[in-house]
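Heads up: the structure comes next, in structure tokens.
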Amino acid sequence: MDDVEKASVKYLVAVASTDGETVNRHYGKSEIFYIYSVDDEEGYEFLEKRLVKAICQDGKHNIVEMEKHVQNFKDCKYLLASRIGSAAIQTLTAAGITAMELPGSIDEAMLRVWKYNRMQGLFA
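What follows is the structure, given as structure tokens:
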């Protein structure tokens, strides 16, 4: 392998969670996101909690507010939640963030993100 192939891939993942152990919140209803730093060679580690204003108001969404909300995650490559509506997925995707519905343990979800990211690297 040359040096380019050996280089670790690092990125941030935002997780909608109430407890830092499970992906258990709807994207638009979550007020807390746990941010993890992922190194494809070394694993992942917790960085910080981000407190944000929930944008889902009884199933109604304001696209301008959604676009502003996404700016809270502009440094993240992936965003995980138990549920994410189609308008939110479109807004996140437009900002270059891959949104994933992965309810369950954060450990399991991070393993799935890692596998997905590695697969994407095969096509780059």
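The opening residue of the sequence shown carries number 1379 in the numbering used here; numbering runs sequentially from there. For glycine and all other residues, C-beta sits at the position ideal for the given N, C-alpha and C.
Rank Tyr1405, Asp1397 and Leu1458 by C-alpha distance to the C-alpha of Arg1490 and give the top, closest one.
Of Tyr1405, Asp1397 and Leu1458, the residue nearest in Cα terms is Leu1458.
Could you give the DSSP three-state label for Ile1413: helix, strand or coil?
It is a strand residue.
Quick one: complete beta strand (DSSP E) runs, 3+ long, within the stretch 1435-1466?
Fully enclosed beta strand (DSSP E) runs of 3 or longer: 1456-1459.
Look at Val1430 and Asn1450 and say whether their C-beta atoms are less than 8 Å apart.
Annotated as proximal: Val1430 and Asn1450, with beta-carbon spacing under 8 Å.
Using 8 Å as the Cβ pair cut-off and three pairs as the minimum, do the stretch 1453-1468 and the stretch 1405-1414 touch?
Three or more beta-carbon pairs separated by less than 8 Å link the stretch 1453-1468 to the stretch 1405-1414, which places the two stretches in contact.
Which stretch, first to last residue, makes up the beta strand (DSSP E) that contains Gly1421?
Unbroken beta strand (DSSP E) run through Gly1421: Gly1421 to Leu1429.
Mind checking whether Ser1483 and Glu1426 have CB atoms under 8 Å apart?
No Cβ-Cβ contact shorter than 8 Å links Ser1483 with Glu1426.
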